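Asks: Encoded as structure tokens, here's the structure I'll be asking about.
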């Protein structure tokens, strides 16, 4: 009798679990369909992304074909995009739905103005919500863990060379940049512009010190505020080595067969990048349902695959293959380091940003022309 009772209870338990699971599935699917229908009626999404024609094309095609949403893309790096949105928000203008950013840029205007929606409340898809799908779980660049999600993580090998002027074996240590041979032949993406430029500058400030950076500047650095001009200068033999810009700045030149490559990893290591950041939802956006659809899709397996292939930034999603990225100078964190090493090597999360990036940027203001 006891065995029968136990068996009956077990069956009832599993039936209850199954019913709860089916109910939860029905709920999110119903919510997703409701949001999709509302997004189709809105018919449009205004999105800021980093400058990349390949990324814009990939996103436009996918949003139109899959969801019937037309994408209006404004290509700009985080700092100018955030400034524009902040100015518009103060003036009562609501033009953007979603921008791309980390905590750093948001912290100057949008967060203090209350112009950003908590992101997690917009997640609908279980594959996005489930932390087990993400290497390291859910990682945010803001300490509040609400506004600036970090879908990407990779080791940043962002020192490139012109193969007609330099050889990979000539650059094994950062000290090799100080060789008199390279005087007047080194280009630098201005770290005051933010992004990967301040990432590598901050790493050198932390690990090599201010005296090293002073000596680097004395190499008659060609300092450029536009990463595309830096890449163009390298591709056209105007400089031999470029510091700061990353793969997507060079992609078009590489496709054209021009002689540029990323140096192999330096022996002293490099910083761990979180890329340009994840989707940031603007409060009181004109197309809120289209924004929800985009945010859920871009953080899905498919969305991360599309983004990575078009833009060359390595996702933290465990179900997306990133091993091919080593061929383009990107070493995905999930394939190369531990999560502990990630936290030790990054300088974009709020706490380390304040301790490393900002003082390094202040130093750059002092010594760069």
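Residue numbers (the numbering used here): 1318 to 1686.
Using N, Cα and C, we set each Cβ at its ideal position, and we do this for glycine too.
In this text, all values refer to a predicted model and were calculated from it rather than measured experimentally.
Rounded to a whole number of angstroms, what is the C-alpha to C-alpha distance between residue 1513 and residue 1450?
Replies: Their Cα atoms are separated by approximately 26 Å.
Asks: If you draw a straight line from the C-alpha of residue 1362 to the C-alpha of residue 1352, how long is it?
Replies: Approximately 14 Å between the Cα atoms of the pair.
Asks: With a 10 Å radius around its C-beta and 16 neighbouring C-beta atoms as the bar for buried, classify residue 1367 as buried or exposed.
Replies: The residue is buried, with at least 16 neighbouring Cβ atoms inside 10 Å.
Asks: Spell out a yes or no on whether the segment 1566-1581 and the segment 1539-1552 are touching, meaning 3 or more CB-CB pairs, one atom from each, closer than 8 Å.
Replies: A contact exists between the segment 1566-1581 and the segment 1539-1552.
Asks: Under three-state DSSP, which class holds residue 1412?
Replies: In the structure shown, residue 1412 sits in coil (DSSP, three-state: anything other than H, G, I, E or B).
Asks: With DSSP run on the structure shown, which of helix, strand or coil describes residue 1689?
Replies: Absent from the structure is residue 1689, since the part of the chain shown begins at 1318 and ends at 1686.
Asks: Looking only at its own chain, which residues have a Cβ that is under 7 Å from the Cβ of residue 1564, when we skip the five neighbours before and after it?
Replies: Closer than 7 Å at the Cβ level, and outside the excluded window around residue 1564, lie 1629, 1645, 1646 and 1647.
Asks: Below 9 Å between beta carbons: does that hold for residue 1473 and residue 1517?
Replies: Yes, they are a contact pair.
Asks: Give the straight-line distance between the Cα atoms of residue 1713 and residue 1448, rounded to the nearest whole angstrom.
Replies: Residue 1713 lies beyond the residue range present for the chain, which begins at 1318 and ends at 1686; the question has no answer from this structure.
Asks: Give me the Cα-Cα distance between residue 1277 and residue 1343, rounded to the nearest whole angstrom.
Replies: This structure cannot speak to residue 1277, because the chain is shown only from 1318 to 1686.
Asks: Since residue 1663 sits in a beta bridge, which residues does DSSP pair it with?
Replies: BP columns for residue 1663 point to 1589.
Asks: For the alpha helix (DSSP H) that contains residue 1627, what are its first and last residues?
Replies: Start and end: 1618-1628.
Asks: Quick one: measure Cβ to Cβ for residue 1664 and residue 1417, integer angstroms, because I've assumed they're closer than 8 Å.
Replies: Residue 1664 to residue 1417, Cβ: 19 Å. No contact.
Asks: Helix or strand or just coil, what does DSSP make of residue 1573?
Replies: Three-state DSSP puts residue 1573 in coil, outside helix and strand.
Asks: Measuring straight from C-alpha to C-alpha, what distance separates residue 1640 and residue 1612?
Replies: Distance between the alpha carbons of residue 1640 and residue 1612 is about 25 Å.
Asks: Buried or exposed: where does residue 1501 fall if 16 or more other Cβ atoms within 10 Å of its Cβ makes it buried?
Replies: So residue 1501 ends up on the exposed side.
Asks: Extract the residue ranges of the beta strand (DSSP E) inside the segment 1409-1458, only unbroken runs of 3 or more that lie entirely within it.
Replies: DSSP runs (the beta strand (DSSP E)) wholly in the segment 1409-1458: 1415-1418.
Asks: What first and last residue would you give for the beta strand (DSSP E) that runs through residue 1389?
Replies: First-last of the beta strand (DSSP E) with residue 1389: 1387-1392.
Asks: Look at the alpha carbon of residue 1683 and the alpha carbon of residue 1394, and state the distance between them as a whole number of angstroms.
Replies: In a straight line, the C-alpha of residue 1683 is about 23 Å away from that of residue 1394.
Asks: What residue from 1383, 1396 and 1426 has the CA that sits closest to residue 1407's CA?
Replies: Nearest option by C-alpha distance: 1426.
Asks: How long is the line joining the alpha carbons of residue 1680 and residue 1349, rounded to whole angstroms?
Replies: If I take the Cα positions, the gap works out to 48 Å.
Asks: Give me the DSSP bridge partner(s) of residue 1471.
Replies: Note: residue 1471 sits in a beta bridge opposite 1590 and 1649.
Asks: If you drop the 5 nearest sequence neighbours on each side, which residues of the same chain put their C-beta closer than 8 Å to that of residue 1669?
Replies: Same-chain partners within the cutoff: 1663.
Asks: Measure the alpha-carbon distance for residue 1410 versus residue 1369 and round it to whole angstroms.
Replies: Their Cα atoms are separated by approximately 26 Å.
Asks: With DSSP run on the structure shown, which of helix, strand or coil describes residue 1599?
Replies: In this structure, residue 1599 counts as strand in the three-state DSSP scheme.
Asks: By DSSP, does residue 1637 sit in helix, in strand, or in coil?
Replies: It is coil, neither helix nor strand.
Asks: Could you spell out where the alpha helix (DSSP H) holding residue 1499 opens and where it closes?
Replies: Unbroken run through residue 1499: none, as it is neither H nor E.
Asks: For residue 1478, report the span of its beta strand (DSSP E) as first-last.
Replies: Where residue 1478 is concerned, the enclosing beta strand (DSSP E) stretches over 1476-1479.
Asks: For residue 1517, which three-state DSSP category applies?
Replies: DSSP places residue 1517 in helix when its eight states are reduced to three.
Asks: Applying the 10 Å Cβ sphere with the 16-neighbour rule, what's the burial state of residue 1490?
Replies: Exposed, because fewer than 16 other Cβ atoms sit within 10 Å of the Cβ of residue 1490.
Asks: For residue 1506, which beta-bridge partners are listed by DSSP?
Replies: For residue 1506, which the question treats as bridged, DSSP gives the partners 1541.
Asks: What are the boundary residues of the alpha helix (DSSP H) that includes residue 1610?
Replies: Counting along the chain, the alpha helix (DSSP H) containing residue 1610 begins and ends at 1605-1615.
Asks: Please list, in chain order, all residues of the same chain as residue 1439 whose beta carbon is under 8 Å from its beta carbon, the five residues on each side excluded.
Replies: Answer for residue 1439: 1598, 1608, 1609, 1612 and 1613, listed in chain order.
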